Structures are given as C-alpha cells and as structure tokens.
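Engineer: Residue numbers (numbering that gives the first Met the number 0), protein chains in the order written: chain A, 0 to 259; chain B, 0 to 397. Cβ coordinates follow ideal geometry from the N, Cα and C atoms, glycine included. All of these numbers come straight from a predicted model, not from anything done at the bench. One structure, pasted below without further comment.
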Amino acid sequence: MKISEAFEKAPLLIVYICAGDPTPAATPQLVRRLAAAGADIIELGLPHSDPIADGPTIQAAAQRAIAAGMNTDVYFQAAAQADVPVPKVFMGYYNMVYARGLDRFAQDCARAGITGMIVPDLPPEEAGPLHKACVSSGVDLIFLAAPNTPAERLKMIEESTSGFLYLVARTGVTGARSDLLQSTHELIARVPGNKPKAVGFGISTPAQAAEVIAAGADGVIVGSVCVDLIARGEIERLEQLIREMKGAIKAVRGKGTIAS
Amino acid sequence: MQTQTSDTFAVKFGRYGGLFVPETLVTPLVQLADAYQRLMKSDDFKEELKQAMKNFAGRPTPLYHAKNLSRKLGRRVYLKREDLMHGGAHKLNNTLGQALIAKRMGKTRLIAETGAGQHGVATAIVGANLGFETQIYMGEVDIERQKMNVYRMQLMGAQVIPVRSGSRTLKDAINEAMRDWASSFDHTHYLLGTAAGAHPFPSMVRDFQSVIGREARRQIMQAEGRLPDSITACVGGGSNAMGIFAPFLEDREVRLLAVEAGGRGTGKTDKIADHGASLGLGTDGILHGALTKILQDPYGQILESYSVAAGLDYPGVGPELAYLAEKGRVLTKIADDKTAMNGFHALSKLEGIIPALESAHAVGYALEEPQALGDLAVINISGRGDKDLATVMDYENI
Numbered sequence: 000m001k002i003s004e005a006f007e008k009a010p011l012l013i014v015y016i017c018a019g020d021p022t023p024a025a026t027p028q029l030v031r032r033l034a035a036a037g038a039d040i041i042e043l044g045l046p047h048s049d050p051i052a053d054g055p056t057i058q059a060a061a062q063r064a065i066a067a068g069m070n071t072d073v074y075f076q077a078a079a080q081a082d083v084p085v086p087k088v089f090m091g092y093y094n095m096v097y098a099r100g101l102d103r104f105a106q107d108c109a110r111a112g113i114t115g116m117i118v119p120d121l122p123p124e125e126a127g128p129l130h131k132a133c134v135s136s137g138v139d140l141i142f143l144a145a146p147n148t149p150a151e152r153l154k155m156i157e158e159s160t161s162g163f164l165y166l167v168a169r170t171g172v173t174g175a176r177s178d179l180l181q182s183t184h185e186l187i188a189r190v191p192g193n194k195p196k197a198v199g200f201g202i203s204t205p206a207q208a209a210e211v212i213a214a215g216a217d218g219v220i221v222g223s224v225c226v227d228l229i230a231r232g233e234i235e236r237l238e239q240l241i242r243e244m245k246g247a248i249k250a251v252r253g254k255g256t257i258a259s
Numbered sequence: 000m001q002t003q004t005s006d007t008f009a010v011k012f013g014r015y016g017g018l019f020v021p022e023t024l025v026t027p028l029v030q031l032a033d034a035y036q037r038l039m040k041s042d043d044f045k046e047e048l049k050q051a052m053k054n055f056a057g058r059p060t061p062l063y064h065a066k067n068l069s070r071k072l073g074r075r076v077y078l079k080r081e082d083l084m085h086g087g088a089h090k091l092n093n094t095l096g097q098a099l100i101a102k103r104m105g106k107t108r109l110i111a112e113t114g115a116g117q118h119g120v121a122t123a124i125v126g127a128n129l130g131f132e133t134q135i136y137m138g139e140v141d142i143e144r145q146k147m148n149v150y151r152m153q154l155m156g157a158q159v160i161p162v163r164s165g166s167r168t169l170k171d172a173i174n175e176a177m178r179d180w181a182s183s184f185d186h187t188h189y190l191l192g193t194a195a196g197a198h199p200f201p202s203m204v205r206d207f208q209s210v211i212g213r214e215a216r217r218q219i220m221q222a223e224g225r226l227p228d229s230i231t232a233c234v235g236g237g238s239n240a241m242g243i244f245a246p247f248l249e250d251r252e253v254r255l256l257a258v259e260a261g262g263r264g265t266g267k268t269d270k271i272a273d274h275g276a277s278l279g280l281g282t283d284g285i286l287h288g289a290l291t292k293i294l295q296d297p298y299g300q301i302l303e304s305y306s307v308a309a310g311l312d313y314p315g316v317g318p319e320l321a322y323l324a325e326k327g328r329v330l331t332k333i334a335d336d337k338t339a340m341n342g343f344h345a346l347s348k349l350e351g352i353i354p355a356l357e358s359a360h361a362v363g364y365a366l367e368e369p370q371a372l373g374d375l376a377v378i379n380i381s382g383r384g385d386k387d388l389a390t391v392m393d394y395e396n397i
C-alpha cells in the first residue's frame with residue numbers, strides 16, 4: 000500500500016521494530032500482529048553493526064538480530080512474508096543500502112511490498128543517486144528534519160521528501176523519554192508545505208502521542224518502547240499499547256482527512 | 000594536484016568523502032566547516048595557533064638524519080621526529096588547532112574518541128591548557144591495553160568514559176562520541192582525531208597536520224638541497240600520513256608510501272578482519288560519515304579490525320587517502336605485527352629512538368623493502384613508543 004493513501008486517514012500510528020529480533024522467523028507474524036492491533040504503517044528496521052543514530056535499546060536489538068542470522072537477503076524474505084494491509088517502510092543505515100547496490104535495493108523493496116525508505120544517515124544533499132533508484136522502483140524516500148534544522152534547510156528537506164516528512168522530536172539518539180520538549184512543538188509549527196509529517200524519537204506513551212497530534216502532526220512514530228517490549232517477550236502488552244496509542248491519537252483528531 | 004572537488008555542501012575527493020550523518024549532526028558540521036573556513040583566513044587566529052605550536056607544543060620537530068639506519072639500508076634516511084612533540088605524538092597538531100576553533104565558537108566542552116590513547120591524551124592536554132571540560136570515549140578493550148594513557152588523561156583532568164557497545168574499540172568510541180554530540184553540540188565540540196569522518200574533518204585535520212610536511216619539505220631542502228625520493232608513513236585513519244604527504248602531492252617524483260597494519264594476516268572471517276588494511280584490502284562504503292574504503296561483509300556490516308598497534312586498529316580510512324590511492328598517487332603497503340615489532344626493535348637499537356608501534360609499521364616496511372625508498376628517504380615517526388612497552392612485553396612474553 001502507498002504511504003500517501005494511508006495518510007488519507009490521518010492521524011496515523013507508525014510502529015518501528017527491528018527485523019530479526021528476536022529471530023528472523025518471528026518477524027512476519029510479529030508484523031501481522033502489530034497491524035492487527037492498529038499500527039497504520041510498519042517501519043521495519045534492518046539491523047546494522049554501527050547504528051550511530053540509535054540509543055542503547057535499538058543497538059541491543061540490532062546486535063541480537065544480527066546474531067540470530069538477520070541479513071539483507073533474510074530481511075527481504077521476512078518483509079515479503081509479512082503480508083499486511085498497511086504500508087511497510089524500510090529503515091536502515093546507508094552503508095547497508097550502498098553495499099547491495101542502490102537500484103537493486105530499491106527493486107528488492109518494491110518486490111517485498113515495501114513502499115518507502117528511511118535512511119537516517121543520508122541527508123538530501125547526498126541522496127541524489129538513491130532518489131533516482133527509488134523513483135524508478137516507485138518507492139518513497141523519506142527524509143528527516145530535526146529541532147536544530149534551520150528554516151531554509153527545513154524547506155529544502157520538506158520539498159525533497161516523499162511519502163511523509165519524519166520530524167525528529169529531539170536532538171540526540173532514539174530511546175524512550177518521559178517528556179516532550181518545547182522544541183518539538185516549535186518544529187511541528189515551523190514546517191512549511193503541505194506534506195504529511197510524523198514525529199518520532201523518544202515517544203513512548205499514549206499521552207505523548209496525543210500531544211504530538213494535538214500540536215499538528217499527522218502521525219506519531221514509536222520505536223524503542225516497542226523494541227523493548229519485544230525484547231521482554233511481552234507482545235500482548237505491546238498490542239495493548241498500540242491500541243491505547245491509537246485510541247489516544249484518534250481522540251485528539253477523529254477519523255478526518257489529512258490536516259492542512 | 001587538485002584533490003578536492005567542492006560542492007556547496009561537502010568536500011569530495013573524487014567520489015570519496017561527503018557528509019553522511021543523521022540530520023541532527025548536519026547543522027553542527029556545517030557550522031564547524033564555516034568557522035574553520037573563516038578562521039583559516041584570519042591572521043589573528045593563525046598567529047595564535049603558530050605561537051601555541053612553537054611555545055607550547057614544541058614545533059618545529061627535527062628532521063633527523065638517521066646515520067645508522069641509513070647505513071643498514073644502504074641509502075640516506077631521514078626521520079621526521081613527531082615523537083618529540085609535546086604529548087609524544089603528532090596528535091597535538093590537530094587538537095590544538097581544533098580546540099582554538101572551538102574556543103572561538105564559544106564551546107565549553109570537548110569530547111573525543113581514542114584508540115591507543117594518544118589522541119585522548121592530546122585532547123586532554125588542550126582541554127586542561129585552554130580550560131575545557133573534557134570527556135574521552137574509549138573502548139573497554141583499549142582501556143585495558145592502554146592503562147598508562149588512561150591515567151595520563153585523568154591526571155590532566157579529563158574524564159575517560161568506557162565504551163561497552165559493539166567491538167568495544169576505536170570504531171565504537173567514535174560511534175559513542177557522535178551519539179553524544181547529537182545532543183550536546185550547543186556547548187560541545189567533537190574533536191575527531193584523524194583525517195576521516197564527515198566533512199569538514201578530513202580537510203581540517205589534514206590542514207592542521209600538514210605542518211609536518213611543510214616543515215619536512217623545508218628541512219630536507221636545507222639538508223640535501225633536493226626533495227626526497229620517498230616519504231613513508233603508517234596509516235590508521237591517516238592523519239600523520241596526510242599531514243606529511245599533503246605538501247608533496249604536486250611533486251610527482253616523490254613516492255608516497257602508506258603503510259597499513261597487516262595484523263595477524265590478511266585473511267578474514269565472517270565478523271573479524273585480522274588486519275587494519277582498509278586502503279589496500281577494503282571496499283567502498285560509508286563509515287562515520289564518509290564514503291571511503293572500509294572493511295565490511297558483503298551485506299555492509301562493518302568488520303572488526305585488528306592490529307597490535309591500537310592506533311591502526313580501525314576498519315576505515317580517510318577519504319582523501321582512498322582517492323589518492325585509487326589515483327595511484329599514494330602507494331599502499333602492508334606491514335604485519337611481526338614486521339612492526341622488527342621495526343620497533345631495530346630503530347630502538349640502531350638509533351636510540353623507541354618508536355610508537357604505529358610508526359614502527361613504517362620502519363618495519365622500510366627494513367623489508369629498502370629498494371622501494373629510493374636513494375633519499377623520509378620516514379614519519381608519528382609518535383614515541385613509551386606507551387607501548389607493556390604491549391610489546393606481552394607480545395614477546397617477557
């Protein structure tokens with residue numbers, strides 16, 4: 000499913016998991032359960048040995064997944080098997096994409112039903128070749144903006160992204176936090192343009208999710224809290240959390256159309 | 000020889016280099032690049048750096064005609080004595096330059112990674128001297144093998160933070176420093192120690208280190224009235240090599256020999272390369288913000304490198320060296336642990352100079368392939384070997 004179609008039913012709950020954690024075999028069924036519980040988009044992380052944008056929770060998950068045999072070939076098999084009625088999005092570091100070849104990677108995404116790519120260490124200025132590969136395979140290339148992104152650059156990133164704009168809620172790395180910062184609100188408010196925007200990094204509770212949507216975001220991205228629950232084997236609690244978060248964001252803004 | 004193709008965003012060396020980092024780090028790097036460009040044109044800044052280099056760091060370092068080594072190798076060999084610099088290695092050239100930039104940018108805290116501890120020590124020196132709060136990320140494995148340098152850093156008021164992620168060595172220390180900087184950039188400067196990583200580090204570190212090559216050029220002209228036939232330097236990330244090579248790039252008649260760590264051998268397993276020879280044996284990939292030559296598996300996972308010299312134990316290399324090696328301007332050579340040990344002992348006995356194990360790779364290579372050096376050779380002794388005595392004794396079961 001295309002990401003733009005999903006955003007017609009904003010606000011959306013976007014759920015990140017690390018593919019292959021705890022095992023590659025468990026990943027397809029886990030994706031199905033997340034979608035059934037209410038995840039509107041699944042971000043499927045490809046583990047990397049050197050995840051510089053990630054905090055301890057996702058670092059540990061990546062190490063477990065690699066040790067359990069996850070690699071790029073296995074990743075695409077698992078992604079293809081995870082047949083869900085919501086968009087699947089790749090998230091991973093540029094070297095993993097580069098090593099496979101940009102065209103081949105984008106084609107493999109399309110074949111596995113992945114309709115978007117998030118590459119956190121690839122700024123738009125360096126993304127020309129991958130952007131070309133994504134266009135020819137019909138895959139969205141999603142860029143990130145951060146609280147310290149200056150206005151002119153924010154405009155450029157908004158214009159470059161496709162699918163949605165990923166707003167990094169705070170500086171620093173991924174990981175659950177209990178508060179939201181003023182700078183998150185300011186970032187949401189100062190994004191120009193009309194593309195959907197989703198906020199991630201440090202969001203772990205239904206209250207935070209609701210706050211982000213109330214501030215004007217079209218989607219909320221949760222990662223580390225989900226990865227943590229998976230690590231503890233508490234899948235039912237994760238499903239419960241997804242239902243609660245979904246309820247919280249829908250309560251803020253009902254089943255309306257895309258915010259403008 | 001023009002090696003840089005600059006677009007407005009990030010300097011490239013051919014296809015190598017660039018700025019591949021999370022968005023949060025883009026703006027701090029762009030601001031650093033701007034400050035660096037501006038200050039390198041400031042007479043006031045240049046004078047401040049020059050004075051610090053002379054009166055605090057002890058420059059210029061000698062270019063020493065090593066008569067006994069020359070006799071053994073049957074040619075005239077000069078040693079560039081970076082081991083005599085304050086701190087015991089070339090690292091202070093870079094940390095002084097960057098710390099003075101950080102000061103002018105209004106930063107109050109320095110963070111750095113370190114492998115062997117030499118860059119950590121050089122950062123601790125400037126931290127103490129210029130009044131920064133200083134924190135050094137160091138892999139647990141390296142902390143264990145470089146206890147003396149850990150204590151040196153602490154003596155000068157730096158805090159050493161053990162890194163327990165990944166392989167717990169230099170590459171992971173860089174990862175942790177980047178993660179720290181992603182939330183601390185407002186008041187903190189990340190003082191990267193080698194000519195690698197994202198723009199502007201490869202250019203900036205090269206420029207601060209190229210004082211080595213500028214001096215060597217002047218000194219060899221004074222002593223011999225001509226340029227050398229070759230310059231030999233060890234390569235981990237490449238800061239001492241780029242430092243001495245850079246002022247000779249246009250002189251095609253000077254052979255530039257980059258000696259990488261061959262470790263225990265040049266084979267590799269699934270997760271571990273038994274060497275640190277990214278330039279000679281690596282493939283194109285992205286590590287720590289730059290496209291360069293790296294050691295990786297077919298899927299793009301970074302391999303753990305190995306060398307007896309902690310400062311060469313890195314699975315990447317500076318992007319400009321990757322470019323120069325591909326162009327054939329820099330010739331890539333490999334010296335394994337044994338060759339380095341041989342160089343370590345030979346220079347100690349022949350000249351009364353105990354080189355760092357890193358520099359000993361360059362010496363060991365010269366002993367094995369003297370004909371590659373030509374008639375007049377310069378070898379860069381990037382640091383002194385006092386820090387390595389425990390490692391050598393352990394290696395030789397003394």
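1) Let me confirm a value: B:T268 is counted as buried when at least 16 other C-beta atoms fall within 10 Å, else exposed. Which label applies?
2) For A:G255, which residues of its own chain have a beta-carbon under 7 Å away from its beta-carbon, when the five flanking residues on both sides are left out?
3) Since A:F142 and A:L164 should fall inside the 8 Å C-beta cutoff, what is the C-beta to C-beta distance between them, to a whole number of angstroms?
4) Taking all protein chains shown into account, do 16 or more other C-beta atoms lie within 10 angstroms of the C-beta of B:Q295, making it buried, or fewer, making it exposed?
5) Are there 16 or more other CB atoms within 10 angstroms of the CB of B:R70, so buried, or fewer, so exposed?
6) So, is A:Q181 buried or exposed, given that buried needs 16 or more other C-beta atoms within 10 angstroms?
7) Between the Cα of A:E7 and the Cα atoms of A:D217, A:D227, A:V224 and A:P21, which residue gives the shortest distance?
8) Flag A:A24 as yes if its beta-carbon sits less than 8 Å from any beta-carbon of chain C, otherwise no.
9) Between the stretch 176-193 of chain B and chain A, which residues of the former have CB atoms less than 7 Å from a CB of the latter, in chain order?
10) Since B:A157 is in the alpha helix (DSSP H), which residue starts that stretch and which ends it?
11) Answer with buried or exposed for A:V134, where buried requires no fewer than 16 other C-beta atoms within 10 angstroms of its C-beta.
12) With H, G and I counted as helix, E and B as strand and the rest as coil, what does DSSP make of B:K267?
13) Does the separation of the CB atoms of A:A150 and B:E22 fall below 8 Å?
14) Taking the alpha-carbon of A:D120 as reference, which of A:A105, A:Q76, A:S136 and A:Y92 has the nearest alpha-carbon?
15) By the DSSP assignment, the alpha helix (DSSP H) with B:A194 in it spans what residues?
16) Indicate the three-state DSSP secondary structure (helix, strand or coil) for B:S358 in the structure shown.
17) Please tell me whether A:Y15 has its Cβ less than 8 Å away from any Cβ of chain B.
18) Using a Cβ cut-off of 9 Å, which residues of the stretch 166-186 of chain A contact any Cβ in chain B, in chain order?
19) Here's the rule I'm using: 16 or more other beta-carbon atoms within 10 Å means buried, otherwise exposed. How should A:L228 be labelled?
20) Which residues bound the beta strand (DSSP E) around B:F440?
21) For B:R151, count neighbouring C-beta atoms within 10 Å of its own C-beta (all shown protein chains included) and say buried if the count is 16 or more, exposed if not.
22) Let me know if B:I397 comes out buried or exposed under the rule of 16 or more other beta-carbons within 10 Å of its beta-carbon.
23) If you measure between the beta carbons of A:E42 and A:I220, is that distance less than 8 Å?
24) Taking the alpha-carbon of B:T122 as reference, which of B:L62, B:G138, B:N67 and B:G192 has the nearest alpha-carbon?
25) Contact criterion: CB-CB distance below 8 Å. Does A:A18 meet it with respect to chain B?
26) Let me see if you follow: with CB-CB separation under 8 Å, is A:I2 close to chain B or not?
27) Let me know the secondary structure DSSP gives A:A67 once reduced to three states.
28) Taking the runs of the beta strand (DSSP E) that are 3 residues or longer, which of them lie wholly in the stretch 345-390 of chain B?
29) Can you pull out the residues from the stretch 21-45 of chain B whose beta carbon lies closer than 8 Å to at least one beta carbon of chain A?
30) Measure the beta-carbon distance from B:P314 to B:S304 and round it to whole angstroms, keeping in mind my assumption that it falls under 8 Å.
31) Between the stretch 124-150 of chain A and chain B, which residues of the former have CB atoms less than 7 Å from a CB of the latter, in chain order?
32) Where in the stretch 74-121 of chain A do unbroken runs of the beta strand (DSSP E), each at least 3 residues long, occur, reported from the N-terminal end onward?
33) State the Cα-Cα distance for the pair B:A308 and A:Q80, rounded to the nearest angstrom.
34) Three-state secondary structure (DSSP) at B:Y305?
35) Mind pulling the chain B residues with CB within less than 7 Å of A:M95?
36) Hey, could you find the ends of the beta strand (DSSP E) B:V76 is sitting in?
Structural biologist: According to the data block:
1) Low local confidence applies: a pLDDT of 49 at B:T268 is under 50, so the model's placement there is unreliable, with the coordinate-based value given in what follows. By the neighbour-count rule (16 or more Cβ atoms within 10 Å), B:T268 is not buried but exposed.
2) Low local confidence applies: a pLDDT of 47 at A:G255 is under 50, so the model's placement there is unreliable, with the coordinate-based value given in what follows. So the list is empty, once near-sequence residues are dropped.
3) 7 Å
4) buried
5) exposed
6) exposed
7) A:D217
8) No chain C is part of this structure, whose protein chains are labelled A and B.
9) M177, R178, A181 and S182
10) Counting along the chain, B:A157 falls outside any alpha helix (DSSP H), and DSSP gives it neither H nor E.
11) exposed
12) Reliability of the predicted coordinates at B:K267 is poor, the pLDDT of 49 falling under 50, and the value obtained from them is presented with this limitation in mind. Residue state, collapsed to three classes: strand.
13) no
14) A:Y92
15) Counting along the chain, B:A194 falls outside any alpha helix (DSSP H), and DSSP gives it neither H nor E.
16) helix
17) no
18) V167, R169, T170, G171 and V172
19) buried
20) This structure gives no information on residue 440 of chain B, because the portion of chain B shown stretches from 0 to 397.
21) buried
22) exposed
23) yes
24) B:G192
25) no
26) no
27) coil
28) 375-380
29) P21, E22, T23, V25, T26 and P27
30) 4 Å
31) E124, E125, L143, A144, A145, N147, T148 and P149
32) 87-90 and 113-117
33) 46 Å
34) coil
35) Y298 and G299
36) R75 to R80
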